[in-house]
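Asker:
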Amino acid sequence: MNLRIKSFEEYQSKYKQSVANPEQFWAEIADTFSWQQKWDNVLDWNFNDPSIKWFSGGKMNITENLLDRHLKDRGNKVAFHWEPNDINESGKSITYNELHKEVCKLSNGLKELGIEKGDRVCIYMPMVLEATVAILACARIGAVHSIVFAGFSSSALANRIDDAQAKLVITSDGLNRGTKKVDLKSMVDEAVKDCSSIQHVLVLDCIHSKPTMKEGRDIDYHALINKQPHDCTPETMDAEDMLFILYTSGSTGKPKGVVHTCGGYMVYTSYSFENVFQYEENDVFWCTADIGWITGHSYIVYGPLLSGATSVIFEGIPTFPDAGRFWQVCEKYKVNQFYTAPTAIRALMAHGTEIVNKYDLSSLKVIGSVGEPINEEAWNWYHEHIGKGNCPVVDTWWQTETGGIMLSGLGDLSPMNPTHAGFPLPGIQPALLDSDGNEIIENDQEGYLCMKFPWPSILRTTYGDHDRCKNTYFSNYKGYYFTGDGAKRDKNGMYRIIGRVDDVINVSGHRFGTAEIEDAINTNSFAIESAVVGYPHDIKGQGIYAYVVVDKSHTGSEREISASLIESVSSGIGRIAKPDKIQMVTGLPKTRSGKIMRRILRKIAEGEKANFGDTSTLLDPSVVEEIVGNSK
Ligand code: WT7
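Start counting the sequence shown at 1208; every next residue gets the next number (the numbering used here).
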């Protein structure tokens, strides 16, 4: 923990160095970690293949850096305070020594199950300490983890297991979520039925539901680890060996497995963590994301542990038992840096300030936002009522593919401007391109946000399909990584993110491809065809609006059909992707060549009744009138 920049001037000079001599810049940072063998080359890259290698030839293990390296000075320091869903249950705190022991035990257990370096392990778990232990045990033995958010359905889980050809699923009997209990084990049973790669399912007891265990396949977590030795030598990994796969949605096809590798991801998550949050040795950090998303990977698990931090892991939800829960947890652990999503801020804002003011939030130093654009009203409320006007708001822009925060202020060092993510971190070289691929040099113009130089935690490939990686990110603009977002840059060099420019929608900070939701709807026998678009939603940022052409030969009320369509999305993807509005239509607006004119559907979903721009290519304009007439 010595990577922290301490003034804005220092940031500016570091930024210049990082652009003038990126290899030297990152080598100096990488040198502060523990390597079993030094790298041959700092960086080899081209964005055409693409082929990107950081610190290749370097030998290391990320868990040696985030556990073993700290034991001498921080062995008894708390790594995590775990706060359960139920406010009346007592939490648990785990020190670096204890975490090391738990990780080693499970590492040995995984080896006993036949898991070897390079094997894929799927993790489908609630927000409990064992989820972190599972992640780190994989990394320790060189197995590649693929975490699937526990809100995804069994069929979404099966797709991900199958794509990665995972040998093992680590799960629990169920999870606690507010007043509900969710059965995870039966979802896993359903998912692995047809996954021939799966050899074992490791099951942690979380809700004491005593699930049926399949003989020879299912293994109890504690039965496996209790008998294991407390030490496990970390596997020697090349910096460019795979660390994990994380599936994320794009504008076409099934979600793709974004691949991150060991060395670069280690260097960048730790560096960005310390700088963006200005984390100091005795601070307590809390990121409210789920470990199933990249935010949880990078800023609950890897970044904070690499930096020897103390963090909070929270099992529950912001509104249980009431809307004061986040603030009560901040008070309880004297949280110094708090990191959440705009959707949570907007939802809590609706409950007023009285409940906030019941808690002492004076420990807060930095408050962060991530996942979607934060609107000015939410920014102001967060700044004034949570930060009490004296905590900087760091609006952090990044993606699953970037591995770490790319655009953001650095704690209280940087100037802030509501709704502006701010400045590129050192080493990050953004560019705004016009539709011809020319860089926009002038200020205050909207362009396609791209990156012109690699940073250590950029994705390396999409699992099992390198062409897809190339086509999605490196082909739109030759020589650039394309983010899929539109952005503007102001005269001070601060970036403002406008939003996605592709068919990806961002619902409560969760990313879905419209095609993926349409595919789920189209599996329903009522549906002939569908088109899904996003529309502005007060709490979620974007809501999901589905236009569905329904098979008339079916009898069924509109309500029944809607419920059935929603069920198809819940079972195909998960409840988090279910449409907010469903409109049954007799046809979709298509061009003569059969392409759906989504632009028109988006406008209708936004409430527009006329002014659809150029509609001369429409095959049947009467379709639009009908849709407008019945719009929701
Ligand atoms: C997309 C990435 C890694 C963060 C969690 C989501 C949007 C993310 C911001 C922000 C405006 C943001 C972008 C991006 N996004 N952070 N601070 N301001 N938009 O990761 O699921 O990979 O989604 O989320 O559109 O492309 P993700």
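A virtual CB, placed ideally from N, CA and C, is assigned to each residue, including glycine.
With a threshold of 8 Å, establish whether the CB of SER1576 neighbours any heavy atom of ligand 1.
Answerer: Yes, the beta carbon of SER1576 sits closer than 8 Å to at least one heavy atom of ligand 1.
Asker: Tell me the DSSP secondary structure of PHE1719 in three-state form.
Answerer: Three-state result, PHE1719: strand.
Asker: Curious, which full-length beta strand (DSSP E) runs of at least 3 residues does the segment 1361-1425 contain?
Answerer: If we require 3 residues or more, the beta strand (DSSP E) runs fully inside the segment 1361-1425 come out as 1375-1379, 1381-1384, 1387-1390 and 1407-1411.
Asker: Count the other CB atoms within 10 Å of the CB of THR1378; is the residue buried (16 or more) or exposed (fewer)?
Answerer: Label assigned to THR1378: buried.
Asker: Quick one: any contact between the segment 1413-1423 and the segment 1291-1301, if contact means 3 or more CB pairs under 8 Å?
Answerer: Segments in contact, no.
Asker: Scan the segment 1677-1729 and note each continuous beta strand (DSSP E) run of 3 residues or more that stays entirely inside, going in chain order.
Answerer: Listed in chain order, they are 1688-1696, 1702-1707, 1711-1714 and 1717-1720.
Asker: Following the continuous beta strand (DSSP E) through SER1300, name the residue where it begins and the one where it ends.
Answerer: Start and end: 1299-1302.
Asker: In whole angstroms, what is the alpha-carbon distance linking LEU1568 and GLY1596?
Answerer: Using only the alpha carbons, I get a separation of about 12 Å.
Asker: Threshold first: 3 residues or longer. Then list the beta strand (DSSP E) segments lying entirely within the segment 1615-1653, N to C.
Answerer: Whole beta strand (DSSP E) segments, 3+ residues: 1637-1640.
Asker: At what residue ranges does the segment 1532-1586 contain a whole run of the alpha helix (DSSP H), taking only runs of 4 or more?
Answerer: Listed in chain order, they are 1532-1540 and 1549-1556.
Asker: Spell out a yes or no on whether the segment 1527-1536 and the segment 1496-1512 are touching, meaning 3 or more CB-CB pairs, one atom from each, closer than 8 Å.
Answerer: With the cut-off at 8 Å, the segment 1527-1536 and the segment 1496-1512 do not touch.
Asker: Is the segment 1321-1328 close to the segment 1420-1430, with three or more CB pairs under 8 Å?
Answerer: Contact fails: fewer than three Cβ-Cβ distances are below 8 Å.
Asker: Ordered along the chain, which non-local residues of its own chain (more than five positions away) have a Cβ less than 6 Å from that of ILE1581?
Answerer: Same-chain partners within the cutoff: PRO1549 and ASP1602.
Asker: Please tell me whether, using a cut-off of 8 Å, the distance from the CB of HIS1717 to the nearest non-hydrogen atom of ligand 1 is below it.
Answerer: It does: the Cβ of HIS1717 is within 8 Å (strictly closer) of some heavy atom of ligand 1.
Asker: Is the beta carbon of SER1664 closer than 9 Å to that of TYR1475?
Answerer: In this structure, SER1664 lies closer than 9 Å to TYR1475 by Cβ.
Asker: May I ask whether a heavy atom of ligand 1 can be found less than 8 Å away from the beta carbon of ASN1683?
Answerer: ASN1683 Cβ: outside cutoff for every heavy atom of ligand 1.
Asker: Can the beta-carbon of ARG1782 be found closer than 9 Å to that of SER1360?
Answerer: In this structure, SER1360 lies closer than 9 Å to ARG1782 by Cβ.
Asker: State buried or exposed for GLY1748, treating a residue as buried only when at least 16 other CB atoms are found within 10 Å of its CB.
Answerer: Result: buried.
Asker: Residues bridged to LEU1826 by DSSP?
Answerer: Partner(s): none; LEU1826 has no beta bridge.
Asker: Taking the runs of the beta strand (DSSP E) that are 3 residues or longer, which of them lie wholly in the segment 1465-1519?
Answerer: If we require 3 residues or more, the beta strand (DSSP E) runs fully inside the segment 1465-1519 come out as 1491-1494.
Asker: List the DSSP bridge partners of TYR1589.
Answerer: BP columns for TYR1589 are empty, so no partner.
Asker: Under a three-way DSSP split, which group does GLU1815 fall into?
Answerer: Three-state result, GLU1815: coil.
Asker: For LEU1453, which beta-bridge partners are listed by DSSP?
Answerer: The partner list for LEU1453 (beta bridge, DSSP) reads VAL1465.
Asker: Candidates PHE1630, HIS1673, PHE1689 and ASP1674: which alpha carbon is nearest GLU1646's?
Answerer: Taking only the C-alpha atoms, the option nearest GLU1646 is PHE1689.
Asker: So if DSSP puts ALA1237 in a beta bridge, which residue, or which two residues, is it bridged to?
Answerer: None; ALA1237 has no bridge partner.
Asker: Would you call THR1669 buried or exposed, if buried means 16 or more other Cβ atoms sit within 10 Å of its Cβ?
Answerer: It counts as buried.
Asker: If GLY1470 sits next to ALA1446, beta carbons under 8 Å apart, how far is it from one beta carbon to the other, in whole angstroms?
Answerer: Yes, GLY1470 and ALA1446 are in contact; Cβ-Cβ is about 3 Å, under 8 Å.
Asker: Is DSSP giving THR1443 helix, strand or coil here?
Answerer: The answer is coil: DSSP assigns THR1443 none of H, G, I, E or B.
Asker: Should the segment 1265-1273 be called in touch with the segment 1236-1247, which here means at least 3 C-beta pairs below 8 Å?
Answerer: Judged by Cβ distances under 8 Å, the segment 1265-1273 makes contact with the segment 1236-1247, as three or more pairs qualify.
Asker: Taking only runs that begin and end inside the segment 1735-1811, name each unbroken beta strand (DSSP E) of 3 or more residues, in chain order.
Answerer: DSSP runs (the beta strand (DSSP E)) wholly in the segment 1735-1811: 1748-1757 and 1788-1792.
Asker: Write down the C-beta distance between VAL1177 and SER1570 rounded to the nearest angstrom, noting that I regard them as a contact closer than 8 Å.
Answerer: Within the shown structure, residues of the chain are numbered from 1208 to 1839, placing residue 1177 beyond reach of any answer.
Asker: If you follow the alpha helix (DSSP H) that CYS1598 is in, where does it begin and where does it stop?
Answerer: Taken as a continuous stretch (DSSP letters only), CYS1598 belongs to no alpha helix (DSSP H), as it is neither H nor E.
Asker: In whole angstroms, give me the CA-to-CA distance for HIS1558 and MET1791.
Answerer: Going by the C-alpha atoms only, they are around 34 Å apart.
Asker: Is ALA1901 near ligand 1 - that is, is its Cβ less than 8 Å away from at least one heavy atom of it?
Answerer: With the chain represented from 1208 up to 1839, any question about residue 1901 goes unanswered, as that position is not in the structure.
Asker: Indicate, with yes or no, if ligand 1 has a heavy atom lying under 8 Å from the CB of THR1603.
Answerer: The answer is yes for THR1603.
Asker: Is any heavy atom of ligand 1 found at a distance shorter than 8 Å from the C-beta of VAL1355?
Answerer: The answer is no for VAL1355.
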